[in-house]
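Read the structure below first, then the notes.
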Amino acid sequence: MILNLLDFAAAYALRMAAHRFFPKHTSELLEAISRLESQHVSVPNDSDLDVLIRALVVAEDRRFFSHFGVDSKGLARVVFLFLTRMRIQGASTITQQLVRVLSNDYRYSVQRKFKEMCLACVVDRTISKRTQAALYVRVAYFGWRMNGVTQAWHRLHLATPLSSSSAASLIARLRYPEPRETTPIYLEKLNRRSSYIATLMSRQD
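Counting from 248, one number per residue, gives the positions in the sequence shown under my numbering.
Below is the structure:
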């Protein structure tokens with residue numbers, strides 16, 4: 248109960264900070280999301296998208312459906328690493344990754360991380376979790392000539408209905424984007440990551 252109240256308070260504070268310190272970025276981000284939502288996408292269909300989102304969540308953000316756009320447990324780790332080692336690392340939720348791509352801001356700084364967290368809380372309050380995940384895979388980079396799931400779908404010749412193994416293989420490319428020419432070393436890393444994600448998905452069945 249206390250942790251829930253702390254999460255609620257943190258989410259509220261970060262949303263207020265977004266509107267106070269980053270009003271222009273907040274407005275631009277919400278406009279970008281609105282434009283993206285209005286665009287028609289033929290693939291994947293709703294059923295395949297559900298499978299893809301399952302793979303995305305187990306691979307990238309297992310507490311996705313319970314946090315407020317920022318993972319408080321991951322946030323604590325970020326603060327600890329920064330205070331003890333002056334490092335900015337980890338704790339990027341799916342919502343934060345969506346914000347980063349749409350904002351096109353990949354700077355390695357405390358200010359960028361703080362802004363990203365604030366905007367993620369606004370996004371989480373504005374659109375549903377499923378929409379957040381769906382929009383992210385539409386803009387995420389999966390590799391050469393695979394900017395977004397539609398390009399990746401066609402380039403990898405994915406089929407409907409989407410299998411768990413195919414979804415796992417696609418989501419694995421978020422960590423290991425496919426280069427123009429693959430190598431045995433790359434394929435080994437990709438296959439290892441794909442198998443790991445597929446195993447996590449099977450445990451949910």
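C-beta atoms are modelled at their ideal positions from N, C-alpha and C, and glycine is treated no differently.
N-terminal and C-terminal residue of the beta strand (DSSP E) that Tyr388 is part of = 388–390
Whole-angstrom distance between Thr430 and Phe311, CA atom to CA atom | 33 Å
For His404 and Leu349, the rounded distance between their alpha carbons | 26 Å
List the residues that DSSP assigns as beta-bridge partners of Glu425.
-> Gly390
To which residues of the same chain is Val290 closer than 7 Å at the C-beta, ignoring the five residues directly before and after it?
-> Thr397, Trp400
Does the stretch 281–290 come close enough to the stretch 313–320 that 3 or more CB-CB pairs lie under 8 Å?
-> no
Can you tell me whether Glu425 is buried or exposed, with buried defined as 16 or more other CB within 10 angstroms of its CB?
-> buried
Using beta-carbon positions only, say whether Thr407 and Asn292 come within less than 8 Å of one another.
-> yes
Can you give, in chain order, each stretch of the alpha helix (DSSP H) that sits fully within the stretch 250–306 and has at least 4 residues?
-> 270–285
Alpha-carbon spacing of Ser442 relative to Ser416, whole angstroms | 8 Å
In chain order, what residues of the same chain lie with their CB nearer than 6 Å to the CB of Arg427, ignoring the 5 residues before and after it?
-> Trp391
May I ask whether a heavy atom of the ligand PLP can be found less than 7 Å away from the beta carbon of Val288?
-> This structure does not include the ligand PLP; it has no bound ligands of any sort.
Among Phe389, Leu276, Ser413, Leu252, nearest to Arg422 - alpha-carbon criterion | Phe389
Separation of Ser413 from Met519, as counted between CA atoms = Absent from the model: residue 519. The displayed extent of the chain is 248 to 452, so no value can be given.
Take the Cβ of Thr446 as the centre, count every other Cβ of all protein chains shown within 10 Å, and call the residue buried at 16 or more, exposed below.
-> exposed
Report the rounded CA-to-CA distance for Arg439 versus Arg402, giving the unit in angstroms.
-> 21 Å
Where Ser199 falls, given that 16 or more other Cβ within 10 Å makes a residue buried = As shown, the chain starts at 248 and ends at 452. That puts residue 199 outside it, with no answer to give.
Cβ separation of Leu437 and Ala419, assumed to be a contact under 8 Å, to the nearest whole Å = 6 Å
Name the two residues that bound the continuous alpha helix (DSSP H) containing Arg310.
-> Neither: Arg310 is in no alpha helix (DSSP H) and is coded neither H nor E.
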